[in-house]
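Colleague: Residue numbers (the numbering used here): 8 to 160.
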Amino acid sequence: MKTVKFFSDLANEAIVTPEMISFLENLPAEPGRYALADGAFANYDKYSVPRQEPPKWEAHEEYIDIQCIIQGFERIEWTPVDNLSVEEAYCDKRDIAFYSAPENLTPNSGILSVGKYIIFHPEDAHKPCLPAADGSSDILKVVFKVPVSVLKK
């Protein structure tokens with residue numbers, strides 16, 4: 008079962024490398040995209056929740072997401088991609104497709120807060136950047152993007 012976990016569990020994940028742990032322990036001064044070994048990279052981002060644009064359901068085919076909160080908190084929802092309808096077809100250049108949900112969908116939901124993470128595989132649609140019940144928050148977040156091919160090694 009997919010769940011929000013603590014950073015202390017991160018090193019136990021098969022797809023997490025020592026380089027990723029080091030990245031979290033020694034964050035760069037500025038947000039941005041940072042290359043890592045074996046085709047992985049880190050998107051280090053700063054934003055506020057709620058966002059002006061409403062979040063959309065999304066999924067990826069080539070990369071696994073490891074979403075880690077450094078500062079702030081947000082709610083995130085997830086469901087199998089098969090529960091959704093394609094709203095915007097897959098774009099291989101950006102490795103993303105957007106989806107719409109039926110009105111009767113009851114997605115899984117969790118709060119990502121400081122020191123917590125969640126992993127999404129290609130079959131997992133997710134909607135990040137939702138406000139938690141506590142309201143608005145300024146977020147610092149690292150999303151590690153790990154090539155699916157790493158699982159085949």
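Virtual Cβ for every residue (Gly too), placed ideally from N, Cα, C.
Count the other CB atoms within 10 Å of the CB of T86; is the residue buried (16 or more) or exposed (fewer)?
Modeller: The residue in question, T86, is buried, as its Cβ has 16 or more Cβ neighbours within 10 Å.
Colleague: Could you check if R40 is buried or exposed, using at least 16 other CB atoms within 10 Å of its CB as the buried criterion?
Modeller: Its Cβ having fewer than 16 others within 10 Å, R40 is exposed.
Colleague: Using a Cβ-Cβ cut-off of 8 angstroms (strictly less than) and excluding sequence neighbours within five positions of V121, which residues of its own chain qualify?
Modeller: I76, I77, Q78, G79, F80
Colleague: Name the two residues that bound the continuous beta strand (DSSP E) containing S107.
Modeller: 103–107
Colleague: What residues in its chain sit with their C-beta under 8 angstroms from that of A132, if we drop five residues either side in the sequence?
Modeller: W64, E65, A66, W85, T86, P87, V88, N90, L91, Y106
Colleague: What number of angstroms, rounded off, separates the C-alpha of K159 from the C-alpha of P109?
Modeller: 33 angstroms
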